[in-house]
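**Q** Take this structure first; my questions come after.
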Ligand SMILES: NC(=O)c1ccc[n+]([C@@H]2O[C@H](COP(=O)([O-])OP(=O)(O)OC[C@H]3O[C@@H](n4cnc5c(N)ncnc54)[C@H](O)[C@@H]3O)[C@@H](O)[C@H]2O)c1
């Protein structure tokens, strides 16, 4: 999977394109010369982005699709593959929601909803697109938006962390199977953190309650705009690498500590092998 996949003259699908990272991906992909298929559950926001892109002279297909509904995602993929054919090169499974509820006593309805959109959404996109892309033949990259929460936990957002950890597990299984099949279809996982979008702004009240306006200001100041994040995602997706981590936070030490705890625990339950007679 070493060849660079260029968006110019190709078709890219972006889910969750009505705002934030998805909208910025769509803008930059158009700028890079791609044809765009954008989708979202927010009809109004999606139309605004489609109008903006079409004003730049690009033809955009922009249907509303709920990532939690596999039948809808499957019908969408069928149509896209039929129309885009060999030009389809990138599928960005980016749509997602936050899930703010404690692990100690989680809101179960919220848990279900977050799993349905943040974990099953990418699974739906993969099931709908990957077999069709493999049958079509030729290179293509499925780029799933996970999160820093795919490999690090945080308090107060248990369903989000659980779903994003699941995204890593699913995508890595898919990566192994695609490699075993020597497929030209590849998969990437994006793991951003603290991007200034409507998702992160949902936590402002929480920070205000904890530390007043100063805490809110510090939180906003710690975030990066979606423009810079989308730039890194596209740059790395073109290289077809598995992990895309456009983080600006010092997460390395936190991850090392977490990995080390697992490494340290590995021989703890040592059992005799092979089984004694
Ligand atoms: N903002 C961050 O700091 C951050 C960090 C890590 C990961 N992410 C991930 O990035 C992705 C994009 O989020 P964002 O930060 O741009 O937030 P955002 O809220 O600006 O964009 C998310 C988009 O997904 C859409 N969406 C929600 N539910 C949907 C559904 N059922 N079907 C189709 N579309 C749906 C929303 O309408 C919205 O337009 C998400 O997967 C999110 O978890 C964001």
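Numbering (our numbering), first residue to last: -3 to 273.
Just so it is clear, CB atoms sit at the ideal spot from N, CA and C, and this is done for glycine as well.
Nothing here was measured: the structure is a model prediction, and the numbers come from that model.
Under 7 angstroms: does the beta carbon of residue 14 sit that close to some heavy atom of ligand 1?
**A** yes
**Q** If I follow the unbroken alpha helix (DSSP H) through residue 24, where does it start and stop?
**A** Counting along the chain, residue 24 sits inside the alpha helix (DSSP H) bounded by residues 16 to 27.
**Q** Since residue 256 is in the alpha helix (DSSP H), which residue starts that stretch and which ends it?
**A** 248 to 261
**Q** Give me whichever residues DSSP pairs with residue 32 in a beta bridge.
**A** 8 and 56
**Q** From residue 231 to residue 23, what distance separates their C-alpha atoms?
**A** 14 angstroms
**Q** Would a C-beta distance cut-off of 8 angstroms place residue 160 and residue 114 closer than the cut-off?
**A** In this structure, residue 114 lies closer than 8 angstroms to residue 160 by Cβ.
**Q** Is any non-hydrogen atom of ligand 1 found closer than 7 angstroms to the C-beta of residue 190, if you look at the structure I gave you?
**A** yes
**Q** Straight-line CA distance for residue 1 to residue 235?
**A** Rounded to whole angstroms, residue 1 to residue 235 spans 7 angstroms at the Cα level.
**Q** Quick one: what's got a C-beta closer than 6 angstroms to residue 37's C-beta in the same chain, skipping five residues either side?
**A** Excluding five sequence positions before and after residue 37, the CB atoms of its chain that fall closer than 6 angstroms to its own CB belong to 62, given in chain order.
**Q** Return yes when at least one heavy atom of ligand 3 lies under 7 angstroms from the C-beta of residue 105, else no.
**A** Because ligand 3 does not appear in the structure shown, any question about it cannot be addressed here, the ligands present being ligand 1.
**Q** What residue range is occupied by the uninterrupted beta strand (DSSP E) comprising residue 206?
**A** It is not in any beta strand (DSSP E) - residue 206 instead sits in the alpha helix (DSSP H) that spans 200 to 217.
**Q** Can you tell me the Cβ-Cβ gap for residue 139 and residue 186, rounded? I've got them flagged as a contact below 8 angstroms.
**A** 6 angstroms
**Q** Thinking residue 242 and residue 188 are a contact (beta carbons under 8 angstroms), I'd like their distance in whole angstroms, please.
**A** With a beta-carbon spacing of about 5 angstroms, residue 242 and residue 188 fall inside the 8 angstroms limit used to define contacts.
**Q** Is DSSP giving residue 266 helix, strand or coil here?
**A** coil
**Q** Name the residue from 182, 222, 211 and 34 whose alpha carbon lies nearest to the alpha carbon of residue 190.
**A** 222
**Q** Taking the alpha-carbon positions, what's the residue 142 to residue 6 distance?
**A** 24 angstroms
**Q** On the DSSP bridge list, what partners appear for residue 193?
**A** DSSP output for residue 193 lists no bridge partner at all.
**Q** Can we count residue 24 as close to ligand 1, meaning its CB is less than 7 angstroms from some heavy atom?
**A** no
**Q** Helix, strand or coil for residue 228? Go by DSSP, reduced to three states.
**A** helix
**Q** For residue 129 and residue 177, what's the separation of their Cα atoms in angstroms?
**A** 13 angstroms
**Q** Using the Cα positions of residue 226 and residue 105, report the straight-line distance between them to the nearest angstrom.
**A** Cα to Cα, the separation comes out at about 31 angstroms.
**Q** Within 8 angstroms (strictly less), CB to CB, does residue 18 reach chain C?
**A** No chain C appears in the structure shown, which is made up of a single protein chain.
**Q** Counting Cβ pairs closer than 8 angstroms, one from the stretch 194 to 211 and one from the stretch 91 to 101, do we hit at least three?
**A** yes
**Q** Quick one: Cα of residue 103 to Cα of residue 112, how far?
**A** Here the alpha carbons of residue 112 and residue 103 stand approximately 14 angstroms from one another.
**Q** Mapping DSSP to helix, strand and coil, what is residue 93?
**A** In the structure shown, residue 93 falls within a coil segment according to DSSP collapsed to helix, strand and coil.
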